[in-house]
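Visitor: Heads up, the sequence shown stops at 82 in the UniProt record's numbering, and the numbers go up one at a time, no gaps.
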Amino acid sequence: MSRKPAEVVTENSDFIKAFHKAREEPTKKYTAPQTESQEIASNRNDRRLNFSRCSSDITKHQEYALRSSHLPRDKPGKSSQE
């Protein structure tokens with residue numbers, strides 16, 4: 001069997017820069033939003049659009065109840081001291 005000789009590839013730095021630029025996040029790629037969705041997402045000060053997580057007495061109670069329900073329990077009829 002014969003092998004093909006190794007192909008010599010010359011690097012094109014402009015192409016590599018353009019490729020990396022195209023793979024960036026939109027916020028790094030553009031100075032201003034390009035679509036309506038990007039414009040809405042970039043507006044973090046508008047309380048109508050920003051649904052950040054917050055906790056209250058009810059959510060803390062529910063979280064405690066969920067965590068305590070997943071704790072391992074002894075099987076009925078067996079002692080944990082055996």
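We treat Cβ as the ideally placed atom computed from N, Cα and C, and that holds for glycine. Owing to the predicted nature of the structure, the values given are computational and were not obtained by experimental measurement.
What are the boundary residues of the alpha helix (DSSP H) that Pro-5 is part of?
Guide: That residue, Pro-5, is in no alpha helix (DSSP H); it is neither H nor E in DSSP.
Visitor: Apart from the five residues on each side of it in sequence, which residues of its chain come closer than 7 Å, Cβ to Cβ, to Lys-21?
Guide: Excluding its 5 nearest sequence neighbours in each direction, Lys-21 has C-beta neighbours in its own chain below 7 Å: Lys-29, listed in chain order.
Visitor: Put Ser-55 into one of helix, strand or coil per three-state DSSP.
Guide: coil
Visitor: Where does Asp-14 fall in DSSP's three states?
Guide: helix
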